[in-house]
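All remarks here apply to the structure that follows.
2 protein chains.
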Amino acid sequence: MSRVKSEPGPVPRPTRDRLITATVEQFRLGGYHGTGIKSILTAAPAPYGSLYHFFPGGKEELAAAAIHTSGQAYRDLVDLSFPPGADPVEATRSFFDGAAEVLAGTDWIDGCPLARVALETAQDSEPLRQAALEAFESWLDVLTVRLDEVGVSAESARVLAVQLFCLIEGAFLLARVARDREALSDAGDGAAELVAAALAARPKKISSSI
Amino acid sequence: MSRVKSEPGPVPRPTRDRLITATVEQFRLGGYHGTGIKSILTAAPAPYGSLYHFFPGGKEELAAAAIHTSGQAYRDLVDLSFPPGADPVEATRSFFDGAAEVLAGTDWIDGCPLARVALETAQDSEPLRQAALEAFESWLDVLTVRLDEVGVSAESARVLAVQLFCLIEGAFLLARVARDREALSDAGDGAAELVAAALAARPKKISSSI
DNA sequence: GTCTATAGAAGGATAGAC
DNA sequence: GTCTATCCTTCTATAGAC
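Just so you know, the protein sequences line up as chains A and B, in that order. Here the first sequence is numbered in this note's numbering, starting from 24 and rising by one per residue. Here the second sequence is numbered in this note's numbering, starting from 24 and rising by one per residue.
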C-alpha cells in the first residue's frame, strides 16, 4: 500500500514550474526591476534554496525562463487567432478586438506580456534580450507563415507580419497609458487595411472582382 | 564692482533644471525602477536637500517633470519633421528613416524616450500615467493638425495619427530588442502606405490623375 | 532538494546644521 | 537653498543545517 499511488489526484506541479509561473505572473504586474525575488518565492511558493538550485544564474536565469514561457503562450494565441483557411482580414480585426477586450477587462494590464520586460532589459542583459527576441521572432514566424499561406509573397508576408506586430505593440502601449480602446481600434483598422492591400496585390490565382 | 556682473559668462543652469535634465538622461538608460535617486543626484550634480526642496513629492514628482520635459522635446521633433506644406508621405518616410539612424547610432538606446517609463509606471502611479498620456497626446495633436492641413478629414487625421504612433512605437520596441533596423524600415513602409491611402481618399480639391 | 538566517549592497526618504 | 549624515527598507545572493 505504501508504494501504491492510491487516489492519484492532481499531480502537484514541480517546484521549477511553479517558480517560472510565479515569475511570469509577477512580471506581468511589476516588470523586471519592479519584481523582487522574495515576492516570486512567496507567490510560487518556494524557498530560496530551490530557486538557486534550479536557476544557478539567479534572477536573470529565472527571468529568461519566464520570458520563454510567456513567449510560447502568446505564440500559441497568435497561432489560434490566425487559423489556416480563415480570412486574414477578418482574423486581423478579430485579433485586435480580442486584445482590446482582454486589456480593458484586466484593468489595462494584460497587453503584451513581454514589451515592458524587454524594454527594461534589452540594454543591460544579453541573455534576456535574446530571450525576448526569440519570442518576438516566433510570433512573427507564425504570422508570416499564415500570410504566406493565403497568397502573400514570402517577402511581403514577413514585412506585413512586422507591420502587424508594430501596430499591436504600439497600440498596447497607448491603450495602457490612456486606459482607452481607441488605439487598439485604430491600429486594428490600419492593420486590416494593410492586410487587405497585400491581398489585393498578391499574384492572383482566380483574381478578384472589378 | 561687487554688484556688477563683470564678464557675464555662461549663466549656470539652476539646480531644478539640472535635476530634471539628469533625470531625463538617467531614465533614458535605466528607466524608472532602474534609476536610483543617488545616481540622479550624482549626475546633476545636486545634494539631497535640493531635490526634496524643489520636488517635495520625491522621485515621483521629479519623474513627472522629466516625463513632461521629454515629451515636449519629442513633440518639437515631430513638429519639425512634419513641416507645413511638405509632402506627408515623404515626411513620414523621412521620420522613420531618421529614427532608425538615431537608434542605430546610439547603440539601440534612443528610441522613444517615454515608452519604457510609461509601461513601468502606468499601472502604479496615476500622476506618471497622466504625464505620459499628456506627452503622447501632444505628439498625436501635432500629427493630427499636420495631416488635417493636407486635406485628411478631421476624424481620419486623428485615426491616422494614432496609427503612425503605433507603428513607430512598435518598431522602436522590436528594433531595440533585435538591434536591427528592419522593424523601422517595414513600419515606415506601412506608415507611408497608410498616409498615401488617406490622401487618396481625401475630399479632392483638384483631384488626382486617373 | 528544501529550508532558514544573514550577509552586503542599494533603494528612497528624512533630520538638522549651515 | 544647500549640504551631510543617517534611518529604515528592500534588494540579490550565499552559507550551511537538514
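Quick reminder that beta carbons are idealized off the backbone N, C-alpha and C, glycines included.
DSSP, reduced to helix, strand and coil, places B/Trp131 outside both helices and strands of the structure shown, so it counts as coil. The three-state reading of DSSP puts B/Val101 in helix, counting H, G and I together. For A/Phe195, the uninterrupted alpha helix (DSSP H) segment begins and ends at 177-201.
Contact annotation: A/Thr46 and A/Ile63 have beta-carbon atoms nearer than 7 Å. Contact fails between the segment 102-120 of chain B and the segment 150-163 of chain A, because fewer than three Cβ pairs, one in each stretch, are under 8 Å apart. The three-state secondary structure of A/Phe78, taken from DSSP, is coil.
Judged by their CB atoms, B/Val185 and A/Asp209 are nearer to each other than the 7 Å cut-off. Of the residues B/Asp212, B/Leu100, B/Ala180, the one whose Cα lies closest to the Cα of A/Cys189 is B/Asp212. The beta carbon of B/Leu151 is closer than 7 Å to those of Glu83, Ala86, Ala87, Ile90, Thr144 in its chain, skipping five residues each way along the sequence.
For the pair A/Tyr55 and B/Leu52, the Cα-to-Cα distance works out to about 15 Å. Taking a C-beta cut-off of 8 Å against chain A, the contacting residues of the segment 131-144 of chain B are Trp131, Ile132, Ala138, Arg139, Ala141, Leu142, Glu143, listed in chain order. Between A/Ala154 and the set A/Arg169, A/Leu137, A/Thr167, the nearest pair of CA atoms involves A/Leu137. For A/Leu217, the chain B residues whose Cβ falls inside 8 Å of its Cβ are Gly213, Glu216, Leu217, in order along the chain. Contacts with chain A (Cβ-Cβ distance below 8 Å) from the segment 95-126 of chain B involve no residue at all.
A residue is called buried once 16 or more other Cβ atoms fall within 10 Å of its Cβ, and A/Ala96, having fewer, is exposed.
Going by beta carbons, B/Ala201 and A/Leu196 fall outside the 7 Å limit. Shortest Cα-Cα distance from B/Pro35 to any of B/Gly57, B/Ala67, B/Phe50, B/Gln49 involves B/Ala67. In the structure shown, B/Thr92 adopts helical secondary structure according to DSSP, grouped into three states.
At the C-beta level, A/Val175 and A/Ala214 stay beyond 7 Å of one another.
Among the residues of chain A, none has a CB under 7 Å from the CB of B/Ala66; the nearest is roughly 17 Å distant. Distance from the CA of B/Asp147 to the CA of B/Leu207, rounded to the nearest whole angstrom, comes to 30 Å. At the C-beta level, A/Ala180 and A/Thr167 come within 7 Å of one another. Taking 7 Å as the CB threshold, A/Leu222 stays off the interface with chain B.
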